[in-house]
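Let me begin by presenting the structure, written as structure tokens, before commenting on it.
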Amino acid sequence: MEADQKNILPDVQSTQDGRNIAIDRVGVRGVSLPIVIEGKNGPQHTVATLTMTVALPADQKGTHMSRFIALMDELREPINEAVMCKLIVDMLERLHAVSGTIEIRFPFFIRKTAPVSKLESLMNYEGRWIANVEEGVTTVRQETTVPVTSLCPCSKEISRYGAHNQRSHLVTSLVLASPMSLEEQVRISEISASCQLWSRLKRSDEKYVTEYAYDHPKFVEDLVRDMAKLLNEDERVVSYRVEAENFESIHNHSAYAYIENDKRAG
């Protein structure tokens, strides 16, 4: 009996804290784990970076950090929006918390065909799921960051030849009423750009994309408005945030634009 008592270790995290200060979010950040995501053409293996946090009451000394890791280690199914909903409910139950957030950031790939040569190659993008529970309301956002080309309309108009262009990053962050694949979400950004990107191009393709971008000049304002227009017309989208950042080729700063819209607000 005495030996058994010596083997019982104290649970310090569950003890009371006398400072009476609640913590908005506490948990783990920078966790790297292999995951499987659900793609349009089947499961895709990748490596994700995770942040998992919960709210901590004022009278509790600490949270149980290992439970966050255990939750993800036990996951066996490809991640999508529905799985994110289940994960955050499970996390709150394990941590005895009423609010919390799970953020999963990951690279993923789409096999693309060059416009003229028809060569195939893999193009990389960044995805992100953010599940949040606050005041009993669960929200899951599905986000993509898509590199594209943008060409300046002003430069084209005022120059005798040529026009400056640059690589841009287009972000769509969506709350969905029904599923949208990551590939479909990427496509919304790509068709809103002056031109999309490919990993592998021959000279005939390079000619095509250069001329295509020249024929489709867009300011950073045009990029976010075009994305917003497509999302306004998509009944699957409940609310969205769109961002465009142009890494300017003739300035040492970026041009940036942002639109947010909750379609439920009318």
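So the sequence shown is numbered by my numbering: it starts at 57 and just counts up by one. We put the beta carbon where it would ideally sit given N, CA and C, even for glycine.
When the beta-carbon positions are compared, residue 286 and residue 248 come within less than 9 Å of each other. By the Cβ test, the region 145–156 is not in contact with the region 198–205, since fewer than three Cβ pairs between them sit closer than 8 Å. Within the DSSP secondary-structure output, residue 164 pairs in a beta bridge with 181. When secondary structure is reduced to three states using DSSP, residue 213 falls in the helix class. For residue 312 and residue 76, the gap between their C-alpha atoms comes out near 42 Å. Here residue 157 is buried. Its C-beta has 16 or more other C-beta atoms within 10 Å. Nearest to residue 229 by alpha-carbon distance, out of 83, 299 and 321, is 299. Residue 162 is not a Cβ neighbour of residue 179, given a cutoff of 9 Å. The Cβ atoms of residue 137 and residue 196 lie closer than 9 Å to each other. Annotation for residue 253: 179, 203, 204 and 205 place their beta carbon closer than 7 Å to its own, counting only its chain and skipping 5 residues before and after. For residue 198, DSSP records a beta bridge to 185 and 230.
Here residue 72 carries a strand assignment [DSSP, helix/strand/coil].
When rounded, the separation of the alpha-carbon atoms in residue 83 and residue 191 is 19 Å. Within the DSSP bridge table, the entry for residue 295 names 231 and 318 as partners.
Residue 238 and residue 98 do not touch by the CB rule: their CB atoms are close to 12 Å apart, not below 8 Å. Only exposed fits residue 193, as fewer than 16 other CB atoms lie within 10 angstroms of its CB. Around the beta carbon of residue 103, fewer than 16 other beta carbons sit within 10 angstroms, so the residue counts as exposed. When DSSP states are grouped into helix, strand and coil, residue 108 belongs to the strand group.
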